[in-house]
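Take a look at the structure below.
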Amino acid sequence: MKQKGLGAVRLSPIQWAILGILLALLVLVFALLIWIIKFPPPFKGEGLPAPSSTPPALAVSATSFPEPSPTAQVAFTTTPTVYTVQQGDTLLAIAFKFNVSVEEIKAANALTSDIIFIGQTLVIPASGELPIASPPPGTLTSDRYMAQNGDTLESIALKYGISENDLRSANFMAGDTLLEGQFIQIPLPGQEFPPRTWRFSTIDGDINKGYPLSLDTGRFTLHYQPDTFPAQDPEALARLELNALAFLESRLGLTFSYPFDIYVAGTNFEAPNLALRGRGTSVLFRTFFLHDGTGNPDDQLYLATHELTHLVTWHSFGSPSSTMLSEGTAVYLGMEHIAQSEHLPIEIFCAAYLQASSLPSISSSQTTYLGHINDLQNYYAAGCFVKYLVDTYGIGSLKLVYHDGSYVNVYGKDLYALEADWRAYLATVQIPETLNPLDLVGAVNDLQNSYASFFSSFTGNPAQMESYRTLDKARIALLEGRLADMRTFLEKSK
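When we follow my numbering, the leftmost residue of the sequence shown carries the number 2, and every step to the right adds one.
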């Protein structure tokens with residue numbers, strides 16, 4: 002039986018007309034999509050850089066800016082700078098460039114979000130100058146305070162008539178340290194705080210669950226936890242990291258273009274990493290550091306620079322040929338960044354250790370690097386050795402030896418000969434009369450033992466937090482060479 006086939010389809014005039022209309026509509030839709038992609042309308046969103054000519058698709062509710070709500074009338078005591086937003090800019094990057102806070106720029110321009118667009122004109126207030134403004138009708142004055150140069154937790158508490166403990170509790174702080182430009186919450190006098198459930202910060206576990214909040218800066222993403230000190234002003238920590246990144250790029254003569262992730266812990270890391278204040282997972286473009294109010298601003302800047310050095314050098318020079326070179330480079334660059342601080346220079350530290358016959362071997366494979374609290378002398382020795390190499394042979398040679406470890410090819414000497422030269426140099430370094438080498442070695446050992454004992458039973462209860470804060474003051478006193486103060490704090494922590 003012959004099967005009936007499909008012949009040519011015949012359409013009536015009406016069907017042809019309908020088909021023509023449909024095709025015309027498809028062409029119009031396609032043309033509209035091309036127009037939107039090529040000429041995007043101005044938009045606002047949350048935490049994104051100024052878009053390029055072909056921005057990613059964004060969910061927006063309107064194509065024009067909403068009318069601003071009533072805002073304060075702003076006046077400046079000095080003439081502000083006017084800046085035009087460029088492609089790739091973010092408020093955070095602009096704030097860092099002009100050494101002001103994002104809050105200051107937003108206040109000066111009556112911005113209600115962090116979104117800016119290419120070609121937008123922004124008023125940049127003078128560094129450190131908050132605009133003089135009166136709040137709009139029907140609003141309450143802010144309960145946030147921006148730390149100024151010279152502020153202490155004690156001075157702020159006195160200013161607002163509250164206790165230091167209440168100020169710490171309101172901001173989830175373990176210590177007393179504030180960064181300049183950092184915002185903190187000011188509690189009401191007599192305000193009560195519910196008991197806090199202590200939680201350790203993860204470093205090896207589920208980091209997405211452990212750090213659920215994030216801030217995208219355009220160059221890296223800052224991850225942090227709710228109800229912690231970092232959550233009070235994550236932008237201040239992003240500025241800290243941008244500062245460290247700018248220093249490393251300048252010092253190493255490179256531009257680091259890879260995106261990466263920073264995880265900021267508001268509490269001590271979980272066991273067995275209680276004594277760590279930072280760690281890098283460079284192969285995954287991640288760094289971790291502790292920001293709980295302990296240390297001091299220079300200590301925090303050193304830590305941020307140290308940990309970021311691992312990531313930048315790994316992906317710029319190659320994976321390090323040894324832990325000594327990796328940690329030594331991070332210590333060297335971290336200390337270079339805070340060279341004007343009160344911290345004891347690593348050359349003085351190592352020269353004192355040499356005089357006390359206690360200088361660690363940088364060529365030994367048995368030298369451990371288990372965190373600055375546990376192995377300060379080993380980290381400083383490695384950093385001091387790298388500083389010697391850079392001062393003697395230049396930063397270019399360090400870049401070459403960092404990955405392949407071929408000291409003979411780069412320096413014309415093996416590691417043991419270079420170590421001998423370094424020790425001979427240290428023997429010529431003058432040590433201040435106020436620094437007794439044996440006392441320094443003893444102080445380092447005693448602080449390490451005190452931390453080991455303390456962390457062996459640490460759970461984060463209020464009594465322990467008081468000792469933890471005092472121990473940290475002893476740590477900073479040691480790093481600054483104030484050994485008598487260090488001994489005093491060590492006794493108080495017991």
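In this text, a Cβ means the ideal position worked out from N, Cα and C, and glycines have one as well.
- Leu291 is bridged by DSSP to Ala266.
- Spatial neighbours of Phe286 in its own chain (CB-CB distance under 8 Å, excluding positions within 5 residues in sequence) are listed in chain order as Tyr259, Pro260, Phe261, Asp262, Leu312 and His316.
- Here Ile349 is not near Phe386, since their CB atoms are 8 Å or more apart.
- In this structure, Glu271 lies away from Phe184, with their beta-carbon atoms at least 8 Å apart.
- Counting of Cβ neighbours within 10 angstroms places Asn450 among the exposed residues, the total staying below 16.
- By the beta-carbon neighbour count (other beta carbons within 10 angstroms, threshold 16), Arg278 is buried.
- For the 8 Å CB-CB criterion, Leu309 and Leu216 do not form a contact.
- Listed as beta-bridge partners of Val83 by DSSP are Val124.
- Under the 8 Å Cβ criterion, the region 235–247 counts as touching the region 92–101, having at least three qualifying pairs.
- For Phe257, the three-state secondary structure derived from DSSP is coil.
- Taking a 10 Å sphere around the C-beta of Gly89, we find fewer than 16 other C-beta atoms and assign the residue as exposed.
- DSSP places Ile163 outside both helix and strand once states are collapsed to three, so it counts as coil.
- The straight-line gap separating the alpha-carbon atoms of Asn446 and Asp144 is approximately 44 Å.
- Taken in chain order, the unbroken stretches of alpha helix (DSSP H) that lie wholly in the region 290–342 and span 4 residues or more are 298–318 and 324–338.
- Residue pairing from DSSP places Leu214 in a beta bridge opposite Tyr225.
- For Ser156, the three-state secondary structure derived from DSSP is helix.
- Linking Gly151 to Tyr380 through their CA atoms gives a straight-line distance of about 30 Å.
- The count of Cβ pairs closer than 8 Å, one atom from the region 169–183 and one from the region 425–439, stays below three, leaving the stretches out of contact.
- Arg197 counts as exposed, since fewer than 16 other beta carbons sit within 10 angstroms of its beta carbon.
- Leaving aside the five residues that flank Ser327 on each side, the residues in its chain whose CB is nearer than 6 Å to its CB run, in chain order, Pro321.
- Measuring C-alpha to C-alpha distances from Thr306 to each of Phe318, Leu275 and Leu291 identifies Leu291 as the nearest.
- With three or more CB-CB distances shorter than 8 Å, the region 342–362 counts as touching the region 474–487.
- Tyr469 sits close to Ala175, with the two beta carbons spaced by under 8 Å.
- For the pair Leu360 and Ala428, the CB atoms are not nearer than the 8 Å cut-off.
- Under the 10 Å beta carbon count, Leu24 is surrounded by fewer than 16 other beta carbons and is classified as exposed.
- Residues Ser364 of the same chain have their beta carbon placed closer than 7 Å to that of Tyr417, with the five preceding and five following residues left out of the count.
- In this model, Gly294 and Ala352 are separated by some 31 Å (Cα to Cα).
- In the three-state reduction of the DSSP assignment, Phe455 falls in the helix class, which pools H, G and I.
- Phe257 is the residue among Ile19, Phe257, Ala357 and Gln367 whose C-alpha sits nearest the C-alpha of Arg220.
- By the beta-carbon neighbour count (other beta carbons within 10 angstroms, threshold 16), Leu371 is exposed.
- A direct Cα-to-Cα measurement between Gly267 and Leu377 gives close to 23 Å.
- The beta carbon of Gln465 lies closer than 7 Å to those of Phe459 in the same chain, with the five residues before and after it left out.
- Comparing alpha carbon positions, the residue from Ser494, Glu481, Gly413 and Gln186 closest to Tyr161 is Gln186.
- Note on geometry: alpha-carbon atoms of Leu448 and Thr369 lie some 17 Å from one another.
- The straight-line gap separating the alpha-carbon atoms of Ser283 and Ile204 is approximately 13 Å.
- At a Cβ-Cβ threshold of 8 Å, Tyr412 and Tyr394 count as neighbours.
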